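In our numbering, the protein residues as written are 2 to 198.
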């Protein structure tokens, strides 16, 4: 019983102290602050004072500094090169007769047989197209959890794939192969990262 009595006494002392503190501090009233009087508007124009020039001009004159022209970045300095767009292929049958090759002359025999490269080489076009299809299959086969975790790298792969398709459509077989190879290497890195986890 003594424990509860001592505790009650402490509570009563705390309440009394709080009451005394509040009572002795007094009432707090909101006091209105005096407002500044409003001045009438000025109707007369006031003449501005001008300072006379100094009697002794300064001994130093400001040097003229020539600022070199702003440097232009290399990307802005060179105009963009537009790629030539090939005319759409028509579905006409290939001519049955091809021109017979001319017999080699001394100049061509010295150089050797040259192969057609770029858009004229169907084998290179097929290799680039198959590499792009392989990338599409690999991206679709990625597990959804990996695709979510590595979203930025998957976006880069898809961007390279899209650029490779555009390059192949425009006839740039070498550029399409390069871009598809980059996308393939990024996918290899993704596979290595998922194998470690």
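Note that beta-carbon positions come from the ideal geometry of N, C-alpha and C, so glycine has one too.
Everything numeric in this text was worked out from a predicted model, so none of it was measured.
Length of the line joining the Cα atoms of residue i and residue j
| i | j | result |
| --- | --- | --- |
| residue 126 | residue 174 | 6 Å |
| residue 11 | residue 21 | 15 Å |
| residue 47 | residue 57 | 30 Å |
| residue 38 | residue 44 | 18 Å |
| residue 154 | residue 124 | 30 Å |
| residue 63 | residue 70 | 21 Å |
| residue 23 | residue 36 | 31 Å |
| residue 15 | residue 9 | 10 Å |
| residue 42 | residue 49 | 18 Å |
| residue 7 | residue 18 | 17 Å |
| residue 68 | residue 61 | 21 Å |
| residue 170 | residue 176 | 11 Å |
| residue 33 | residue 13 | 38 Å |
| residue 51 | residue 66 | 31 Å |
| residue 40 | residue 54 | 36 Å |
| residue 146 | residue 156 | 15 Å |
Supposed contact pair residue j and residue i - C-beta distance, whole angstroms, cut 8 Å
| i | j | result |
| --- | --- | --- |
| residue 178 | residue 129 | 5 Å |
| residue 161 | residue 141 | Between residue 141 and residue 161 the Cβ distance is about 16 Å, and since that is not below 8 Å, they are no contact. |
| residue 132 | residue 158 | About 13 Å separates the two Cβ atoms, so there is no contact after all. |
| residue 151 | residue 191 | 6 Å |
Selected residue, minimal CA-CA separation from residue i, among the options
| i | options | result |
| --- | --- | --- |
| residue 168 | 157, 158 and 181 | 181 |
| residue 135 | 154, 166 and 152 | 166 |
| residue 122 | 144, 172, 52 and 138 | 172 |
| residue 193 | 34, 143, 55 and 52 | 143 |
| residue 189 | 54, 53 and 139 | 139 |
| residue 185 | 137, 148, 149 and 145 | 137 |
Residue i Cβ short of 7 Å to the ligand GDP heavy atom set
| i | result |
| --- | --- |
| residue 196 | Among the ligands in the structure shown, none appear at all, so the ligand GDP cannot be discussed. |
Within the stretch 119-144, ranges of the alpha helix (DSSP H) (whole runs, at least 4 residues): 123-141
If we require 4 or more residues per run, which alpha helix (DSSP H) segments fall completely within the stretch 3-62? As far as the stretch 3-62 is concerned, its whole alpha helix (DSSP H) runs of at least 4 residues are 3-26.
Please go through the stretch 140-196 and give each complete alpha helix (DSSP H) segment of 4 or more residues, from N-terminal end onward. 145-150 and 152-171
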